[in-house]
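Novice: Structure incoming, see below.
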Amino acid sequence: MGRLEGPPAEGVRELYPFLYEGRADLEAVLAEACRSTEEKAAEIVRLRWQVAEASADALMECAGEMALRFASGGRLFAFGNGGSSTDAQEVATAFLHPPCGLSLPALSLTSDVAVVTALSNDVGFDVVFARQLAALGRHGDIAVGLSTSGGSANVVRAFEEATRRGMLTIGLAGDEGGRLAELDLLDYLFVIPSSSVHRIQEAQTTVYHVLWELTQHALGAVPAP
Amino acid sequence: MSVTSTMQVAVSEAFARRDRAARALAEDSGRIARACQDMAVRFRHGGKLIVFGNGGGGTDAAHIAVEFMHPVIVGKRALPAIALSNDAATVSGVGNRDGLAETFAHQVHRWADPADMALGISRDGRCENVLRGLEMAKTLGLFTFALAGGDGGPLARSPAADHVLTVASDDPAVVKEIHVTAYHVLWELVHVFYEQPGPPGDATPGGTSGEAAR
Numbered sequence: 001m002g003r004l005e006g007p008p009a010e011g012v013r014e015l016y017p018f019l020y021e022g023r024a025d026l027e028a029v030l031a032e033a034c035r036s037t038e039e040k041a042a043e044i045v046r047l048r049w050q051v052a053e054a055s056a057d058a059l060m061e062c063a064g065e066m067a068l069r070f071a072s073g074g075r076l077f078a079f080g081n082g083g084s085s086t087d088a089q090e091v092a093t094a095f096l097h098p099p100c101g102l103s104l105p106a107l108s109l110t111s112d113v114a115v116v117t118a119l120s121n122d123v124g125f126d127v128v129f130a131r132q133l134a135a136l137g138r139h140g141d142i143a144v145g146l147s148t149s150g151g152s153a154n155v156v157r158a159f160e161e162a163t164r165r166g167m168l169t170i171g172l173a174g175d176e177g178g179r180l181a182e183l184d185l186l187d188y189l190f191v192i193p194s195s196s197v198h199r200i201q202e203a204q205t206t207v208y209h210v211l212w213e214l215t216q217h218a219l220g221a222v223p224a225p
Numbered sequence: 001m002s003v004t005s006t007m008q009v010a011v012s013e014a015f016a017r018r019d020r021a022a023r024a025l026a027e028d029s030g031r032i033a034r035a036c037q038d039m040a041v042r043f044r045h046g047g048k049l050i051v052f053g054n055g056g057g058g059t060d061a062a063h064i065a066v067e068f069m070h071p072v073i074v075g076k077r078a079l080p081a082i083a084l085s086n087d088a089a090t091v092s093g094v095g096n097r098d099g100l101a102e103t104f105a106h107q108v109h110r111w112a113d114p115a116d117m118a119l120g121i122s123r124d125g126r127c128e129n130v131l132r133g134l135e136m137a138k139t140l141g142l143f144t145f146a147l148a149g150g151d152g153g154p155l156a157r158s159p160a161a162d163h164v165l166t167v168a169s170d171d172p173a174v175v176k177e178i179h180v181t182a183y184h185v186l187w188e189l190v191h192v193f194y195e196q197p198g199p200p201g202d203a204t205p206g207g208t209s210g211e212a213a214r
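The listed protein sequences derive, respectively, from chains A and B. No gaps in the numbering here: position 51 of the first sequence is 51 in the UniProt record's numbering, and each next residue is one more. No gaps in the numbering here: position 113 of the second sequence is 113 in the UniProt record's numbering, and each next residue is one more.
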């Protein structure tokens, strides 16, 4: 633990004594904040093991299928909304520009703001991913869609389009899987059994990282962690 | 070993690797709480959060910005945040003309107010432009925070970051996963401190709190 160099923030402390003067209730808030962090760290550890137990076989099989598609010239398309759009971007860059192993073709359908806003403005937000798959996707490609609720209409529409085009479809959802669980058209659906959006996103991150790692294994490009 | 059994080893090993790093996050609960306390004060002063990172770290920057701008929990106040790495035109433009090391520093220089906060993400602590961005932020009087990994690299040793949270793993995928939990907790605790009763943040922005910890 080092201390900052430079002037102490007397001004801030004078303005906000309730946040700094060690009032009993503030101490209690700090203690509660620490306890909350410890609880959340334990919660995500438990949740990851639950996912490992429930999905290890499906993850291996799914990665094997992804490797087959890539080996035959398939490409990966990832999509999601909000925080899940950043995961879609992470999935794409993990496959395209990995820290080790093979570089594989992958694209996030959330990265082209011109296309996303044009489709939203002219047609509707529900088609932003489906229309891109209709233009870019082909038989043998891979569609990875993320939705914490499992209910995002544009993700559902994208999977319907991906299925029509003969793509491998992989969904990541949370809680009980929402509409994605009712679809009955996905090749693989990984549902994170939690009601917390944050914990679901954290465990989904693990799911796609493990899928990436196992795909590299299946392609014989064993990454050295 | 058959392909199936090597895959089984790979999947168990992958989950075990995450377990160790995730448990260690609890040890940082004190410094996370203090950083959130400082950030809540800054937000009360009207400060905004400026986030940046490269590659996958750029997706985390975008995630953090949307977390604050559009909270998942209904009723939580939207707090101002921007992700510098989202501006592909400026990042590639500055990178092309002045070098990649200058990208975030350039953007911070133009965007930052003294009450703001800068959060830099680098999974190995070795991103020069993240370090330069934090140095620029520090010079301008911002609160600075770094999310790092591995041994923390030059980022963890630099005085430019008031707080550094280093995930002790050399696997960038694992580092990212712990970072996601860390910034989810960060967002939640900032709101806990922000909602404590007290005077409104209507005064002149001050300096840093001096509660440095790394």
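We put the CB at the ideal spot given by N, CA and C, even for glycine.
(1) Is the region 158-176 of chain B touching the region 66-86 of chain B, taking contact as three or more C-beta pairs under 8 angstroms?
(2) Quick check on B/A81: buried or exposed, where buried means 16 or more other Cβ atoms within 10 Å of its Cβ?
(3) Tell me which residues share the same chain as A/A181 and place their Cβ nearer than 8 angstroms to its Cβ, disregarding the 5 neighbours each side in the sequence.
(4) Taking the CB atoms as reference points, tell me whether B/F43 and B/Y183 lie closer together than 7 angstroms.
(5) Using 8 angstroms as the Cβ pair cut-off and three pairs as the minimum, do the region 112-126 of chain B and the region 41-56 of chain B touch?
(6) For A/G178, count neighbouring C-beta atoms within 10 Å of its own C-beta (all shown protein chains included) and say buried if the count is 16 or more, exposed if not.
(7) Cβ of A/I192 less than 7 angstroms from any chain B Cβ?
(8) Just to make sure I have the definition right: I need the residues of chain A whose C-beta is within less than 7 angstroms of the C-beta of B/V72. Which are they?
(9) DSSP puts B/M117 in a beta bridge; with which residues?
(10) If we ignore side chains and look at the alpha-carbon of each, how far apart do B/A173 and A/E90 end up?
(11) Provide the residue span of the beta strand (DSSP E) that contains A/G171, from first to last.
(12) Please classify B/P197 as buried or exposed, where buried requires at least 16 neighbouring CB atoms within 10 angstroms.
(13) Would you check if the distance between the CB atom of B/L84 and the CB atom of B/F68 is smaller than 7 angstroms?
(14) Output the distance between the C-alpha atoms of B/V170 and B/G150, rounded to the nearest integer angstrom.
(15) Quick check: what's the CA-CA separation for A/A158 versus B/L134?
(16) What three-state label does DSSP hand residue 285 of chain B in the structure shown?
(17) Could you tell me the alpha carbon to alpha carbon distance between A/G101 and A/D112, rounded to whole angstroms?
(18) Is A/L30 close to chain B? Criterion is C-beta to C-beta, closer than 7 angstroms.
(19) When the Cα atoms are used, what is the spatial distance from B/V66 to B/T59?
(20) Look up B/S92 in the DSSP assignment and say whether it is helix, strand or coil.
(21) Using a Cβ-Cβ cut-off of 7 angstroms, state whether B/G53 counts as contacting chain A.
(22) What residue range is occupied by the uninterrupted beta strand (DSSP E) comprising A/F79?
Specialist: The relevant details are as follows:
(1) Taking a contact to require three or more Cβ pairs closer than 8 angstroms, the region 158-176 of chain B and the region 66-86 of chain B do not qualify as touching.
(2) Burial call: buried.
(3) Here the set comprises G150, A173, L189, V191.
(4) No, these two residues do not count as a Cβ contact at 7 angstroms.
(5) They touch, by the three-pair rule.
(6) Under this definition A/G178 is a buried residue.
(7) Taking 7 angstroms as the threshold, the shortest C-beta distance from A/I192 to chain B does not fall below it.
(8) The contacting residues are V197.
(9) Beta-bridge analysis with DSSP links B/M117 to B/L49, B/F143.
(10) Each residue's Cα considered, the two are about 10 angstroms apart.
(11) Note, A/G171: beta strand (DSSP E), 168-174.
(12) Looking at its Cβ environment, which holds fewer than 16 other Cβ atoms inside 10 Å, B/P197 is exposed.
(13) With respect to the 7 angstroms criterion, B/L84 and B/F68 are not classified as neighbours on the basis of their beta carbons.
(14) Per the sequence shown, residue 170 of chain B should be read as Asp rather than Val. One C-alpha to the other measures close to 5 angstroms.
(15) Spanning the two alpha carbons is a distance of roughly 39 angstroms.
(16) Because residue 285 of chain B is not part of the residues shown, which for chain B are 1 to 214, the question remains open.
(17) Roughly 27 angstroms between the two C-alpha positions.
(18) Yes, A/L30 lies at the interface with chain B (some Cβ there is under 7 angstroms from its Cβ).
(19) Roughly 11 angstroms between the two C-alpha positions.
(20) Correct three-state label for B/S92: helix.
(21) B/G53 does not count as touching chain A.
(22) From DSSP, the beta strand (DSSP E) with A/F79 extends over 76-79.
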